[in-house]
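Novice: Taken in sequence, the protein lines are chains D and L. Numbering-wise (UniProt numbering), the first sequence opens with residue 1 and increments by one. Numbering-wise (UniProt numbering), the second sequence opens with residue 1 and increments by one. Idealized CB from N, CA, C, for every residue including glycine.
Protein chains: 2
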Amino acid sequence: MLERIRIVLIGTSHPGNIGATARAMHNMALSDLALVAPRCEPITADSVSRASGADHLVHGARVVDTLEEAVADCTLVVGASARSRTLPWPMLSPRELGDRLPQELADPDARVALVFGREDSGLTNAELQRCHAHVHIPTNPDFSSLNLAAAVQVLAYECRQAWLAGEPAAPVEPDQALATHAELEHYFAHLERTLVAIGFHDPATPRQLMARLRRFTLRARPERMELNILRGILSDTEKLAPPRDE
Amino acid sequence: MLERIRIVLIGTSHPGNIGATARAMHNMALSDLALVAPRCEPITADSVSRASGADHLVHGARVVDTLEEAVADCTLVVGASARSRTLPWPMLSPRELGDRLPQELADPDARVALVFGREDSGLTNAELQRCHAHVHIPTNPDFSSLNLAAAVQVLAYECRQAWLAGEPAAPVEPDQALATHAELEHYFAHLERTLVAIGFHDPATPRQLMARLRRFTLRARPERMELNILRGILSDTEKLAPPRDE
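(1) Applying a beta-carbon distance threshold of less than 8 Å, which residues of chain L neighbour M1 of chain D?
(2) Any residues in the segment 198-216 of chain D with a beta carbon nearer than 9 Å to a beta carbon of chain C? Which ones, in chain order?
(3) Is the distance from the Cβ of R212 of chain L to the Cβ of A220 of chain D below 7 Å?
(4) Any beta carbon from chain D within less than 7 Å of D73 of chain L's own beta carbon?
(5) What's the call for D107 of chain L, buried or exposed, on a 16-neighbour Cβ count within 10 Å?
(6) My guess is that T237 of chain L and T180 of chain D are in contact by the Cβ rule of under 8 Å, so how many angstroms apart are they, rounded?
(7) Can you give the Cα-Cα distance for I137 of chain D and P203 of chain L, rounded to whole angstroms?
(8) If you measure from the beta carbon of F116 of chain D to each beta carbon in chain L, is any gap under 7 Å?
(9) Could you check what DSSP says for G122 of chain L in three-state terms: helix, strand or coil?
(10) Who are the Cβ neighbours of G98 of chain D in its own chain at under 7 Å, not counting the five residues just before and after it?
(11) In three-state DSSP terms, what is A189 of chain L?
(12) Between A61 of chain L and L35 of chain L, is the Cβ-Cβ spacing less than 7 Å?
(13) In the DSSP assignment, what residue or residues form a beta bridge with D32 of chain D?
(14) Taking C-beta to C-beta, are E119 of chain D and S13 of chain D nearer than 7 Å?
(15) Helix, strand or coil for H134 of chain L? Go by DSSP, reduced to three states.
(16) For H26 of chain D, return the contacting residues in chain L, with the cut-off set at a CB-CB distance below 8 Å.
(17) Any beta carbon of chain D sitting closer than 7 Å to that of R130 of chain L?
(18) Using a Cβ cut-off of 9 Å, which residues of the segment 28-53 of chain L contact any Cβ in chain D, in chain order?
(19) Is the CB of E226 of chain D under 7 Å away from at least one CB in chain L?
(20) Alpha carbon to alpha carbon, how far is A37 of chain D from V196 of chain D? Give it in angstroms, no decimals.
(21) Enumerate, from N- to C-terminal direction, the unbroken beta strand (DSSP E) stretches of 3 or more residues contained entirely within the segment 74-106 of chain D.
(22) When DSSP builds the beta bridges, which residues end up paired with A113 of chain D?
(23) Determine the direct distance from the alpha carbon of A151 of chain L to that of L155 of chain D, and round the result to whole angstroms.
(24) Whose Cβ in chain L lies nearer than 7 Å to the Cβ of N233 of chain D?
(25) On the premise that I5 of chain D lies in contact with L114 of chain D, defined as a C-beta separation below 8 Å, what is that separation, rounded to the nearest angstrom?
(26) My output table needs one value for R207 of chain L: the three-state DSSP class, helix, strand or coil.
(27) Are there 16 or more other CB atoms within 10 angstroms of the CB of Q153 of chain L, so buried, or fewer, so exposed?
(28) Can you find a CB in chain D that lies within less than 7 Å of the CB of L164 of chain L?
(29) Please report whether the beta-carbon of V154 of chain L lies at a distance below 7 Å from any beta-carbon of chain D.
(30) Please classify V8 of chain L: is it buried, with 16 or more other beta-carbons within 10 angstroms of its beta-carbon, or exposed?
(31) Please confirm whether Y187 of chain L has its beta-carbon closer than 7 Å to some beta-carbon of chain D.
(32) Could you tell me the boundaries of the beta strand (DSSP E) in which R221 of chain L lies?
(33) For R95 of chain L, which of L:A165, L:A24, L:A72 and L:V48 has the nearest alpha-carbon?
(34) Going by alpha carbons, who is nearest to R193 of chain D out of D:P15, D:E69, D:P141 and D:M210?
(35) Out of curiosity, what's the CA-to-CA distance linking T139 of chain D and M28 of chain L?
(36) Of all the CB atoms in chain L, is at least one closer than 7 Å to the CB of L146 of chain D?
Written out as structure tokens, the structure reads:
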């Protein structure tokens, strides 16, 4: 189970934090690390030193340009969020996240991504809205900014606790495959295109429309077949839309 | 409760680890730090930098020569131990430790010490035998050496979890009203009417289409506002549908 949990770091600035993250992961037997647009060289003397024997995870990290590439194959994407945002999103505690993992990963094709933002500014709203849920580590309200690797350590610890707690429960519906992140993003792009075409949505005055529709849809954890139905509806709707003013 | 939990570091070699420990403590609202015979100067540029705003805990740390002085007033002393020793000792998991804290600290004069050993060699047998119990953070057996501050972070997190479990939970999103059953049924009727109008759905050959859309939608537990958005989309879609053959 643990090998199908990916740690995703976005825009990390300090090589030491990448090394310390690798150490925290390896301590808990996580092994899948992805770096999205790091703002530093990942492999330095500092990162290798802080990895303290887990630098093979730094060397093996996949480096990609976008969050989408990092989580395309994931069936559950959870963003670490320090604070509640204007648009509330499904929120888990670290323990609730751990408790969910055996079920989430019961299907051998399932993959979970835990996404961590920049040291100085965390995850953007756009990034948070690509997540099924957010996880908040309950901290001192007067001093809530955890070190990046410390945050990874706490969540990795809860992942390992969940794994140690026992064998995964039997999958409820083994043949109902969940949509992957990439499939969901194709759907959201199709949805937005259609809403523009029918004149419901004006991207110039978005009013959180797509964010609200994302939140609603992600909360339901769509299956692939359900997404196919929704895309069929969008395709038929698009055909009825008036031609664009061009 | 949290103010009566003391973190005790014995023989620490690296100022950065003292600073990172202070940060981990303050993140979880622990405030009592004692340093036993540190093997480095505790207050350095590196420790202040790694404390990242929690350096008041480093400045306020009590520095003593012996474990006895550091824990003299404590009613429970727990040593962090990486491995089982020749003489088995009462052993707690981090979660079991957390679960015990409210009871242990129910008396306002009670104090708990969590004792951490040297970066290179941990606690000596003599030190471990001064503890009421040992706590072992379950790690990857192939890579069990946690960074000192990471170990403090995990135990401090469990302390805070235990404290929060006794606090009344904050209400979550009190103003996000869920849609009522009646509102949902109006929506499903509107949805089916629209899918017929655009030619996607033929009630004569339903193929469980509406059942699947219901299951998907109900799983998300829609809020009233979300349903209003979805009904707005349906209304705009209906307007584009061709007139019925009548």
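Specialist: Looking at the coordinates:
(1) Position 1 of the first sequence, counted from the start, is the residue given in the question as residue 1 of chain D. Going along chain L, no residue has its Cβ under 8 Å from M1 of chain D, so there is no contact; the nearest lies around 14 Å.
(2) No chain C is present in this structure, whose protein chains are D and L.
(3) The residue given as residue 212 of chain L occupies position 212 in the second sequence. The residue given as residue 220 of chain D occupies position 220 in the first sequence. Going by C-beta atoms, R212 of chain L is not nearer than 7 Å to A220 of chain D.
(4) Reading the second sequence from its first residue, position 73 is the one you call residue 73 of chain L. Contact with chain D is absent for D73 of chain L, since none of that chain's Cβ atoms lies less than 7 Å from the residue's Cβ.
(5) What you label residue 107 of chain L is simply residue 107 of the second sequence in a count that begins at 1. Counting Cβ neighbours within 10 Å, D107 of chain L comes out exposed, since fewer than 16 surround it.
(6) By one-based count along the second sequence, residue 237 of chain L stands at place 237. By one-based count along the first sequence, residue 180 of chain D stands at place 180. No, T237 of chain L and T180 of chain D are not in contact; Cβ-Cβ is about 27 Å, not under 8 Å.
(7) Residue 137 of chain D sits at position 137 when you count from the first residue of the first sequence. Residue 203 of chain L sits at position 203 when you count from the first residue of the second sequence. When only Cα atoms are considered, I137 of chain D and P203 of chain L end up about 48 Å apart.
(8) Here residue 116 of chain D refers to the residue found at position 116 of the first sequence. False, the Cβ-Cβ gap to chain L never drops below 7 Å.
(9) Numbered from 1 along the second sequence, position 122 holds the residue referred to as residue 122 of chain L. In the three-state reduction of the DSSP assignment, G122 of chain L falls in the strand class, which pools E and B.
(10) Translated into the one-based positions of the first sequence, residue 98 of chain D becomes position 98. Sequence-distant partners of G98 of chain D (beyond 5 residues in either direction) whose C-beta falls short of 7 Å from its own C-beta, in its chain, are E158, C159, Q161 and A162.
(11) Position 189 of the second sequence holds residue 189 of chain L. Of the three classes helix, strand and coil, the one that applies to A189 of chain L here is helix, per DSSP.
(12) Position 61 of the second sequence holds residue 61 of chain L. Position 35 of the second sequence holds residue 35 of chain L. Yes, the pair counts as a contact, with Cβ atoms nearer than the cut-off.
(13) Taking the first residue of the first sequence as position 1, residue 32 of chain D is located at position 32. Looking at the DSSP output, D32 of chain D sits in a beta bridge with D:R6.
(14) Taking the first sequence and counting its residues from 1, one reaches residue 119 of chain D at position 119. Taking the first sequence and counting its residues from 1, one reaches residue 13 of chain D at position 13. The answer is yes: Cβ separation under 7 Å.
(15) Residue mapping note: residue 134 of chain L aligns to position 134 of the second sequence, counting from 1. Correct three-state label for H134 of chain L: strand.
(16) As a first step, residue 26 of chain D is located in the first sequence; it is residue number 26 there, counting from the start. Here the neighbours are N140 and F143.
(17) Position 130 of the second sequence holds residue 130 of chain L. Using a CB distance cut-off of 7 Å, R130 of chain L does not count as an interface residue toward chain D.
(18) Among the residues of the segment 28-53 of chain L, those with a Cβ less than 9 Å away from any Cβ of chain D are M28, A29, L30, R50, S52 and G53, in the order of the chain.
(19) Within the first sequence, residue 226 of chain D is the residue found at index 226, counting from 1. By this cut-off, E226 of chain D is an interface position.
(20) For the purposes of this step, residue 196 of chain D is taken as the residue at position 196 of the first sequence. For the purposes of this step, residue 37 of chain D is taken as the residue at position 37 of the first sequence. Approximately 31 Å between the Cα atoms of the pair.
(21) Fully enclosed beta strand (DSSP E) runs of no fewer than 3 residues occupy 76-80 of the segment 74-106 of chain D, in order along the chain.
(22) Sequence index remark: in the first sequence, residue 113 of chain D carries index 113 (1-based). A113 of chain D has D:R6 and D:V77 as its beta-bridge partners, per DSSP.
(23) Along the first sequence, read from residue 1 onward, the residue named residue 155 of chain D stands at position 155. Along the second sequence, read from residue 1 onward, the residue named residue 151 of chain L stands at position 151. If I take the Cα positions, the gap works out to 13 Å.
(24) Reading the first sequence from its first residue, position 233 is the one you call residue 233 of chain D. Residue identity check: residue 233 of chain D is Ile in the sequence provided, not Asn. L195 and F200, listed in chain order.
(25) The residue you call residue 114 of chain D lines up with position 114 of the first sequence. The residue you call residue 5 of chain D lines up with position 5 of the first sequence. At roughly 7 Å, the Cβ-Cβ gap stays under 8 Å, so L114 of chain D and I5 of chain D are in contact.
(26) Mapped onto the second sequence, residue 207 of chain L falls at position 207. In the three-state scheme derived from DSSP, where H, G and I count as helix and E and B as strand, R207 of chain L is classed as coil.
(27) Translated into positions along the second sequence, residue 153 of chain L becomes position 153. Buried: at least 16 other Cβ atoms inside 10 Å.
(28) The residue you call residue 164 of chain L lines up with position 164 of the second sequence. Output row for L164 of chain L: interface = yes.
(29) As a working mapping, residue 154 of chain L is identified with position 154 in the second sequence. Yes, contact with chain D.
(30) The residue you call residue 8 of chain L lines up with position 8 of the second sequence. Buried is the label assigned to V8 of chain L, since at least 16 other Cβ atoms lie within 10 Å of its Cβ.
(31) Here residue 187 of chain L is taken as the residue at index 187 of the second sequence, counted from 1. Judged by the 7 Å Cβ criterion, Y187 of chain L is not in contact with chain D.
(32) Position 221 of the second sequence, counted from the start, is the residue given in the question as residue 221 of chain L. Segment: none, R221 of chain L is in no beta strand (DSSP E) and carries neither H nor E.
(33) Within the second sequence, residue 95 of chain L is the residue found at index 95, counting from 1. Of the listed residues, the one whose Cα sits closest to R95 of chain L is L:A165.
(34) What you label residue 193 of chain D is simply residue 193 of the first sequence in a count that begins at 1. For R193 of chain D, the nearest C-alpha among the options comes from D:M210.
(35) For the purposes of this step, residue 139 of chain D is identified with residue 139 of the first sequence, where counting begins at 1. For the purposes of this step, residue 28 of chain L is identified with residue 28 of the second sequence, where counting begins at 1. Roughly 5 Å separates the two Cα atoms.
(36) As a first step, residue 146 of chain D is located in the first sequence; it is residue number 146 there, counting from the start. Among the CB atoms of chain L, one or more fall inside 7 Å of the CB of L146 of chain D.
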